[in-house]
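Participant: I am attaching a structure below and will ask some questions about it afterwards.
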Amino acid sequence: MSSWLWSDVLQTKLHPKSLCLVSSPGGDGLESFSQGEAVFKAQLEELEDRLHFFSEECDYLQGFQLLCDLHNGFSGVGARTAELLHDEYPGRGILSFGTCPAPSGDRDPCTAVYQLVNCVLALGPLCSQSSFFCPLSVSSSLGRRPGASAAFPQLLYNAALPYHSSAVLALALNTLTAPYRMSSSGFSMLHFAEALTFGGRKMLAATCSVPFPLAPAWSLPDALLPHMTSAPWRSVSPCQHPSTVFSQSVVLRGIPETRQTSSLPAGTRLPSSLHACESGSQVLQHYLSSLYSRALSTTHLLGAPCALGSTFPQFFSRFVTKDGFTMEQPQSEAPVVGHIPVMGALQASSALHQTLRVLCQEVSASDVRRWMNFSTAAVEQDDFREAVDTVRSLAHCYREGEESDDSD
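The sequence shown begins at 1 in the UniProt record's numbering and counts up by one.
Right under this line is the structure:
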C-alpha cells in the first residue's frame, strides 16, 4: 500500500466519459510541463467532446473544479485545460487546485529542478485563467528544499506516504468546497471566488483542522475558547502561518445545531463573549473577527460531519472516538472512526508572499541550465524568465504595507 494513492481505494464509480487514458512516448511518465502540453494538444479534440457532453447535460452549469499535479507533466495539462475552460466557457467559475507531494530526502537534483521549473511554469496560467488557484500539500515549501510537514495533534500519519497525505488533502478539499456544492447554498462558484480574490490575489492558501477538537460534552463556544489567540487549523498549502489575512472563507462541519451555542443555565457567569452569541453563525463570525479583525471573512456552518469510507486510513490517535470527538484521556484501544468534525479555510494571506518570493529566489539560485536542457524540454529560456517574472509580480499582491522586496 506504500505506493498507493487514496483515490486508488476510493471505489468511486465514474461515467465512462469521465476517464481519458493517455500513454506517453516510450512508456515514461510525464516529467515536464512541456510533455504535459503535448499530451493536452494530442487529446484536445477528445477533451472538448467530453466537456461538451457533460455541459449539455447540466441544468445549471456553475463552472469547473480543476485538480492537477504541480510537480510533474500534469502541470502542463492543467495549465492548458484552465486556458481552454476560460476561453470556451466565459462567465463560469474555474476553481483550480494543484497538488504537490511531500518531498522525500532521496530526490536527485535533476528531478528536484524539473519539479521546480514545472511549478513556476504552471502558476502563471493557473492563476490568470482560473477564478482562483490554490496549491495543496502537507509540505510547507514549494521549492527544492523539503519543508516541514503539517502536524495534526490527533493524526498519526506518515506525510511521505501518498495514501496518508492524499487522504488529508481530500478531507480538506471536500470541506473547503462544500459551500458551492450544496444545493441549499446561495453561493455560485464565481461569486464564491470573487469574494476572496480582490486586489489581484487569485492565489489562495488552504488550512484545515482534522479533526476539529470537539469534546463529547462541549458546545461550539467551549471548543473555540482554548484557541482565542490562534486558530486550531494547520496549513495544507505549501506556506507558513500568515501574519495577515486579507480575505477568507471558513467552513466548519460536524457541529449539531443543539451544540452550536452555549447551553449554560441562566444566571451562570459566561466564560467568554462567544457564549453570549445566539446562533452558531454568530459564534463563528465573532470568533473570526477577534482573530482576524482586518479580514473579510465569510462563514459556513454545517451540521453534518465528514463521513469516512471503509478504505479511509485509520491514522487517528486513541484520543479520537468513533464519532470523531476528542477525549481528554486516551481510550484503551483506538476505535474505527466513522466520521469527524472538520474546520477549514481558504485564505488570501501574507504567507503567500513569502512562498512565492522564496520560489523565485530558489529558481534564481539554482543552476537550471546545468540540470535541464531547455531545447530537450521544449521550453524557451525567454518564456521561462517571463514565467518567473509573473510569479514575482503575483508575490507583490500579498505584501504587507510597504514591505520591501529588495531580496528578489
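Using N, Cα and C, we set each Cβ at its ideal position, and we do this for glycine too.
Between the alpha carbons of A334 and A178, how many angstroms are there, rounded?
Facilitator: So the two alpha carbons sit approximately 29 angstroms from each other.
Participant: Is S130 close to chain B? Criterion is C-beta to C-beta, closer than 8 angstroms.
Facilitator: Absent from the structure is chain B; it holds one protein chain and no more.
Participant: Taking three-plus beta-carbon pairs below 8 angstroms as touching, is the stretch 146-161 in contact with the stretch 275-293?
Facilitator: No: fewer than three Cβ pairs fall under 8 angstroms.
Participant: Alpha carbons only, please: which of T268, A295, Y292 and L302 is nearest the one belonging to S281?
Facilitator: Nearest of T268, A295, Y292 and L302 to S281, Cα basis: L302.
Participant: In whole angstroms, give me the CA-to-CA distance for A231 and L44.
Facilitator: If you take the alpha carbons of A231 and L44, they lie about 44 angstroms apart.
Participant: What number of angstroms, rounded off, separates the C-alpha of L51 from the C-alpha of F319?
Facilitator: Those two C-alpha atoms are separated by around 45 angstroms.
Participant: So what does A348 bridge to, in DSSP terms?
Facilitator: Paired residues: S247.
Participant: Quick one: grab the DSSP three-state call for H15.
Facilitator: The answer is coil: DSSP assigns H15 none of H, G, I, E or B.
Participant: Grab me the residues of S235's own chain with a C-beta within less than 8 angstroms of its C-beta, minus the 5 sequence neighbours each way, in chain order.
Facilitator: Excluding positions up to five away in sequence, the list reads S140, A150, A205, A206, T207, H241 and A351.
Participant: Quick one: using the 10 Å Cβ neighbour count with 16 as the cut-off for buried, is T197 buried or exposed?
Facilitator: Result: buried.
Participant: Who are the near neighbours of E83 in its chain, counting only those whose CB is closer than 7 angstroms to its CB and skipping five residues on each side?
Facilitator: For E83, where only same-chain residues beyond five positions count, the Cβ hits under 7 angstroms are P125 and Q129.
Participant: When we look at the beta-carbon of M203 and count the other beta-carbons within 10 Å, is it buried (16 or more) or exposed?
Facilitator: Its Cβ being crowded by 16 or more others within 10 Å, M203 is buried.
Participant: If distances are taken between C-alpha atoms only, which option among S290, S188 and F132 comes closest to Q347?
Facilitator: For the residues S290, S188 and F132, the minimum Cα distance to Q347 belongs to F132.
Participant: Alpha carbons only, please: which of G98, G29 and R201 is nearest the one belonging to R399?
Facilitator: When only C-alpha atoms are compared, the closest one is R201.
Participant: Have a look at the DSSP bridge pairing and note the partners of D69.
Facilitator: Answer is T99.
Participant: Between the C-alpha atoms of D389 and E194, what's the straight-line distance to the nearest angstrom?
Facilitator: Spanning the two alpha carbons is a distance of roughly 25 angstroms.
Participant: Which residues in the same chain have their Cβ closer than 8 angstroms to the Cβ of A307, if we skip the five residues on either side of it in sequence?
Facilitator: Only G338 and H339 meet the Cβ criterion.
Participant: Tell me the residue span of the alpha helix (DSSP H) that contains S34.
Facilitator: Run containing S34: F33 to E57, per the alpha helix (DSSP H) assignment.
Participant: What's the call for V283, buried or exposed, on a 16-neighbour Cβ count within 10 Å?
Facilitator: Buried, since its Cβ has 16 or more Cβ neighbours within 10 Å.
Participant: For P16, count neighbouring C-beta atoms within 10 Å of its own C-beta (all shown protein chains included) and say buried if the count is 16 or more, exposed if not.
Facilitator: Exposed, since its Cβ has fewer than 16 Cβ neighbours within 10 Å.
Participant: Give me the Cβ distance between S32 and Y114, rounded to the nearest whole Å; I'm assuming they're in contact under 8 angstroms.
Facilitator: Indeed they touch by this definition, with Cβ atoms about 6 angstroms apart.
Participant: Should T175 and S137 be called a contact, given that it needs their Cβ atoms to be closer than 8 angstroms?
Facilitator: Result no, Cβ atoms of T175 and S137 do not sit closer than 8 angstroms.
Participant: On a Cα-Cα basis, can you pick out the residue from G344, L296, Q354 and L156 that is closest to P313?
Facilitator: For the residues G344, L296, Q354 and L156, the minimum Cα distance to P313 belongs to L156.
Participant: Hey, could you find the ends of the alpha helix (DSSP H) C208 is sitting in?
Facilitator: Not the alpha helix (DSSP H): C208 falls in the beta strand (DSSP E), residues A205 to S209.
Participant: Considering only the beta carbon of each residue, do A223 and P213 sit closer than 8 angstroms?
Facilitator: Result yes, Cβ atoms of A223 and P213 sit closer than 8 angstroms.
Participant: Which value, in whole angstroms, describes the spacing of the CA atoms of E37 and S23?
Facilitator: Taking the straight line from one Cα to the other gives about 14 angstroms.
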